[in-house]
Amino acid sequence: MLGAMVKSYYAEKTGIDAADMRVVSVMPCTAKKFEALRPELSNHGNQDVDEVITTRELAKMIRAAGIDFANLPDEDFDRVMGESTGAGVIFGATGGVMEAALRFAYEAITGKELEKVDFEAVRGLDGVKEAEIDLGVMKLNVAVAHGTANAQKVLDSIRSGEKHYDFIEVMCCPGGCVTGGGQPIVKSTVRAEKNVSALRAKALYSEDVGKARRKSQDNEEIKALYQDYLGEAGGERAHHLLHTHYTARDKYAGVR
Ligand code: SF4
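Heads up, the sequence shown is in this note's numbering, so the first residue is 7 and it goes up one at a time.
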């Protein structure tokens with residue numbers, strides 16, 4: 007989504023031709039290397055994302071260049087689209103996408119300000135988390151699964167008619183992106199003593215608490231993006247640039 011926005015909105019704002027841009031995404035996920043190649047994720051033949059490197063690869067480059075990363079001074083992200091909220095930060099932990107969506111859904115559905123933004127019921131490392139979220143005007147049944155075996159359990163329970171959910175989050179990697187396939191590898195001796203998923207998730211939730219804005223809908227730059235460029239949420243331009251569809255992966259057999 008960011009790649010699509012960089013090569014349209016940002017290109018327009020800065021007067022840089024999208025054809026002259028190279029978008030490099032740093033990701034916790036090896037699967038994103040494949041995803042960036044999908045023809046559906048392009049605009050007029052220009053891929054939204056040109057290169058994907060994993061966080062592990064970035065870490066190796068930083069080390070190889072002799073950069074003392076831990077002691078670099080903090081710096082704000084560049085404008086445009088440099089603002090982020092706590093809701094964006096927690097995407098990395100299982101349940102984080104669900105929680106960010108609930109922070110939005112509450113205000114969108116009720117029209118009231120959400121005062122307590124923490125939805126503890128969807129946090130933690132249980133394989134399948136379920137919650138009934140009472141919005142006052144309605145109740146939402148939600149489920150969060152991480153790891154494909156847990157996703158299978160959720161899907162089976164829906165197919166059998168045992169369960170009904172209004173919204174489901176699935177993360178393929180156990181723990182979510184914090185322990186994604188492209189993340190720095192932690193030695194087994196350390197893993198034997200520490201729960202890496204839990205520690206990384208804890209770091210994200212504490213970053214979220216420290217953010218001035220914790221709901222996606224409070225991101226001023228996103229508001230400006232919709233107001234000045236995308237128009238209505240789900241409208242034609244937003245649909246064209248931000249939505250996609252999926253086809254069976256065997257279609258890409260042989261794509262490198
Ligand atoms: S959960 Fe794993 S596969 Fe899914 S986006 Fe995150 S790192 Fe990639």
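Built from N, CA and C at the ideal position, the CB exists for glycine as well. Bear in mind the structure is a predicted one, so any value in this text is a computation, not a measurement.
Own chain residues within Cβ distance below 8 angstroms of residue i, not counting five before or after
i      : result
Ser31  : Leu8, Gly9, Lys38, Ala42, Val55, Glu57, Val58 and Ile59
Leu120 : Arg109, Tyr112, Glu113 and Lys221
Buried or exposed by the 16-neighbour rule on C-beta atoms within 10 Å, applied to residue i
i      : result
Ala106 : buried
Ala71  : exposed
Ile73  : exposed
Ala25  : exposed
Gln233 : exposed
Met67  : exposed
Same chain, Cβ closer than 7 angstroms to residue i, five either side skipped, listed in chain order
i      : result
Gly142 : Thr116
Ala93  : Ala106, Arg109, Arg220, Lys221 and Ser222
Residue i Cβ short of 7 angstroms to the ligand SF4 heavy atom set
i      : result
Pro190 : no
Gly101 : no
Met7   : no
Gly187 : yes
Gly182 : yes
Ala37  : yes
Met177 : yes
Pro79  : no
Pro45  : no
Identified DSSP bridge partners for residue i
i      : result
Ala218 : For Ala218, which the question treats as bridged, DSSP gives no partner whatsoever.
Ile139 : Leu146
Ala151 : Val134 and Val176
Contacting residues, own chain, Cβ-Cβ under 6 angstroms from residue i (five flanking each side not counted)
i      : result
Met177 : Thr100 and His152
Leu146 : Ile139 and Asp172
Ile164 : none
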